[in-house]
Amino acid sequence: MRLLQVKNVNKSYSVSGKKLEVLKDVSFRIEEGEFIAIIGPSGSGKSTLLAISAGLDRPDDGEIVLDEVPLLEKSEDELAKLRGEKIGFIFQNFQLIKSLNALENVSLPLVLNSKLNSIQIKDRALAWLEKVSMRERASNFPGQLSGGEEQRIAIARSFIHNPKILFADEPTANLDKKNGERVMDLLAELNQKTSSTLIVVTHDRSVADLADRILEMSDGRIVREIFGKRTRSLKSSKVSSAGKKIASKSSSTKEKISRKKR
């Protein structure tokens, strides 16, 4: 099922009296449950495309439909409600509230946008902290956590309200290689386990290769679509399985012919 469609989107800004075109006639589709990576050099329009796709910014023209909702026809209040119900966000600088501990940060989306009582919210938040291996740090504040731990808290917060789609803007940019790999492995695992849809903007090709599809941007346009390692691995597995079946049938046929000759 198609979850997101972006069609003929253009976006420009006025800089020192001059028009700066950031997105130029961009179109793409994303199916439910897919993991998509958007790559490209700085200034190619990746983060702008992410923000527009999530309803955080508006294009000059074009069409954006998220879960059958035409975003450009909605008011800012309606978009805020939609984001609270269906969208999760993960940022490179984590965006945790410094005055709240880990448990309170993870709980926040439910406190703001759910009808659950405080006990139900706490139980769900603790369950998500467990999933990201951070339950023992529930009472710690962001200043007491490492960058990798902060990002895991942010991931738990983004998943707690069961969003249909998650947008991640450079989620490993402020992490060292080891923590970056852990965070992306966790995101890929949760994407599969929850059947959520994941869109990640990244400069890191090793991060992009975890995706089902890679959209490469340059100068405000999508210039190439590439299948990631996960999709290639799945296709390879299917081909291998089909090959084994063919080989098995061939072997069986040879045996039957041999018996007839006898």
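262 is the number that full-length UniProt numbering gives the last residue of the sequence shown; the numbers go up by one with no jumps. Glycine is no exception: its CB is placed at the ideal position from the N, C-alpha and C atoms. Since the model is a prediction, treat every value here as computed from it, not as a measurement.
Expected contact under 8 Å - CB spacing of residue 9 and residue 84 to nearest Å: As a first step, residue 9 must be located in the sequence shown, where it is residue number 9. As a first step, residue 84 must be located in the sequence shown, where it is residue number 84. The pair is not a contact, with the Cβ atoms about 23 Å apart (cut-off 8 Å).
Those residues which DSSP pairs with residue 28 across a bridge: Your numbering for residue 28 matches position 28 in the sequence shown. Paired residues: 6.
Quick check: what's the CA-CA separation for residue 104 versus residue 162? Sequence index remark: in the sequence shown, residue 104 carries index 104 (1-based). Sequence index remark: in the sequence shown, residue 162 carries index 162 (1-based). Distance between the alpha carbons of residue 104 and residue 162: 17 Å.
Where the alpha helix (DSSP H) through residue 159 begins and ends: Residue 159 sits at position 159 when you count from the first residue of the sequence shown. Its alpha helix (DSSP H) spans residues 147–159.
Assuming residue 110 and residue 155 form a contact by the criterion Cβ under 8 Å, report the distance between their Cβ atoms to the nearest whole angstrom. To locate residue 110, count along the sequence shown from 1; it is residue 110. To locate residue 155, count along the sequence shown from 1; it is residue 155. That belief does not hold up - the Cβ atoms of residue 110 and residue 155 are roughly 15 Å apart, past 8 Å.
Work out the CA separation of residue 142 and residue 52 for me, nearest whole Å. The residue you call residue 52 lines up with position 52 of the sequence shown. The residue you call residue 142 lines up with position 142 of the sequence shown. Cα to Cα, residue 52 sits roughly 29 Å from residue 142.
Local Cβ density within 10 Å of residue 6, reported as buried at 16 or more and exposed below that: Working through the sequence shown from its first residue, we reach residue 6 at position 6. Residue 6 comes out buried.
For residue 263 and residue 171, what's the separation of their Cα atoms in angstroms? No answer is possible for residue 263: the residues shown for the chain start at 1 and end at 262.
With a threshold of 6 Å on Cβ separation, who are the neighbours of residue 217 within its own chain once the five nearest residues in sequence on each side are excluded? Here residue 217 refers to the residue found at position 217 when the sequence shown is read from its first residue. Excluding residues within five positions, the ones whose Cβ falls inside 6 Å are 40, 44, 45 and 46.
Length at least 4, wholly inside the region 56–87: the alpha helix (DSSP H) runs in chain order: 76–86
Return the chain-ordered list of same chain residues with a C-beta closer than 8 Å to the C-beta of residue 29, the five sequence neighbours on each side being excluded. Here residue 29 is taken as the residue at index 29 of the sequence shown, counted from 1. Once the five neighbours on either side are set aside, the close Cβ partners of residue 29 are 2, 4, 5 and 6.
Whether residue 88 touches residue 166 by CB criterion (8 Å): Your numbering for residue 88 matches position 88 in the sequence shown. Your numbering for residue 166 matches position 166 in the sequence shown. The answer is yes: Cβ separation under 8 Å.
Can you pull the DSSP bridge partners for residue 215? As a position in the sequence shown, residue 215 is number 215, starting the count at 1. Per DSSP, 38 and 225.
Whole-Å CB distance - residue 36 paired with residue 49, under 8 Å assumed: Locating residue 36 in the sequence shown gives position 36, counting from the first residue. Locating residue 49 in the sequence shown gives position 49, counting from the first residue. Between residue 49 and residue 36 the Cβ distance is about 11 Å, and since that is not below 8 Å, they are no contact.
Report the rounded CA-to-CA distance for residue 207 versus residue 73, giving the unit in angstroms. Numbered from its first residue, the sequence shown carries residue 207 at position 207. Numbered from its first residue, the sequence shown carries residue 73 at position 73. Taking the straight line from one Cα to the other gives about 34 Å.
Terminal residues of the beta strand (DSSP E) in which residue 201 lies: Start at 1 with the first residue of the sequence shown, and residue 201 comes out as number 201. Taken as a continuous stretch (DSSP letters only), the beta strand (DSSP E) holding residue 201 covers 197–201.
Nearest-angstrom Cα separation, counted from residue 210 out to residue 185: For this step, residue 185 is matched to residue 185 along the sequence shown. For this step, residue 210 is matched to residue 210 along the sequence shown. Looking at the two C-alpha atoms, the distance is approximately 8 Å.
Given that a residue counts as buried once 16 or more other Cβ atoms are within 10 Å of its Cβ, and exposed if not, what is residue 60? Here residue 60 refers to the residue found at position 60 when the sequence shown is read from its first residue. Burial call: exposed.
C-beta contact flag for residue 191 and residue 139 at 8 Å: Indexing the sequence shown from 1 puts residue 191 at position 191. Indexing the sequence shown from 1 puts residue 139 at position 139. In this structure, residue 139 does not lie closer than 8 Å to residue 191 by Cβ.
Just the C-alpha distance for residue 65 and residue 21, rounded to the nearest angstrom, thanks. For the purposes of this step, residue 65 is taken as the residue at position 65 of the sequence shown. For the purposes of this step, residue 21 is taken as the residue at position 21 of the sequence shown. Residue 65 and residue 21: Cα-Cα distance of roughly 22 Å.
How long is the line joining the alpha carbons of residue 223 and residue 198, rounded to whole angstroms? One-based indexing of the sequence shown puts residue 223 at position 223. One-based indexing of the sequence shown puts residue 198 at position 198. Rounded to the nearest angstrom, the two C-alpha atoms are 21 Å apart.
Can you list, in chain order, the residues of its chain whose CB lies under 8 Å from that of residue 86, leaving out five sequence neighbours each side? Along the sequence shown, one-based indexing puts residue 86 at 86. Closer than 8 Å at Cβ, skipping near neighbours: 66, 67, 163, 164 and 165.
Residue environment, residue 151, which counts as buried when at least 16 other CB atoms sit within 10 Å: What you label residue 151 is simply residue 151 of the sequence shown in a count that begins at 1. Its Cβ being crowded by 16 or more others within 10 Å, residue 151 is buried.
Looking at the structure shown, is residue 168 part of a helix, part of a strand, or coil, going by DSSP? In the sequence shown, residue 168 corresponds to position 168, counting from 1. Correct three-state label for residue 168: strand.
Put residue 132 into one of helix, strand or coil per three-state DSSP. Counting from one through the sequence shown, the residue named residue 132 turns up at place 132. Looking at residue 132 - three-state DSSP - the assignment turns out to be coil, as it is neither helix nor strand.
Quick check: what's the CA-CA separation for residue 144 versus residue 78? Along the sequence shown, one-based indexing puts residue 144 at 144. Along the sequence shown, one-based indexing puts residue 78 at 78. Distance between the alpha carbons of residue 144 and residue 78: 36 Å.
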